[in-house]
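In what follows, a single structure is set out as structure tokens and then discussed.
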Amino acid sequence: MLTARFLEGMNGVLFFLLLFGCFMFGLYIAREVIRSGFQRMPLQAAISIFVLIGGEAVARGWLWWWRHLVNRGLDAGWMIEDPVLLVGAFVEILGIICVIRVFAPDHWGRNVWIGSSLFATTLTVLFFYI
């Protein structure tokens, strides 16, 4: 039971820190747009990280609330089947793809995100059928 409560607590801490991180990146993006207009390059990194941690915040928040209900003996099985986790994971996948695209070295080419995405998808599909 201690491990379950610890897992709930860790997800809760991550959820609230991620929300705070989203807030800070949102402020940064807004401040930069107001200061210099919407220039693509300076904002790419902030937007990609904002999307990444936004998706992670959705998933962690949902998991935290689920663990909270389960640890109190309430029936929360419906939460696992709810599409919120799927949406959070999808947003997070888009965010990490953007991060890979923005931070990949130029000499790797502009489309390294495509190769990374295909590799990750292929491995996931292979493990699904193993």
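In my numbering, the protein residues as written are 1103 to 1232.
From the three backbone atoms N, C-alpha and C, an ideal C-beta is built for every residue, glycine too.
The DSSP-derived three-state label of I1232 is coil.
Taking a C-beta distance under 7 angstroms as the contact criterion, V1227 and L1154 do not qualify as a contact pair. Using a 10 angstroms sphere on the CB of F1127, the tally of other CB atoms reaches 16 or more, which defines it as buried. A1178 carries a coil assignment under DSSP once its states are collapsed to helix, strand and coil. For Q1146, the closest of R1169, Y1130, G1157 and A1159 by C-alpha to C-alpha distance is Y1130. By the neighbour-count criterion, in which a residue is buried when 16 or more other Cβ atoms sit within 10 angstroms of its Cβ, F1152 is buried.
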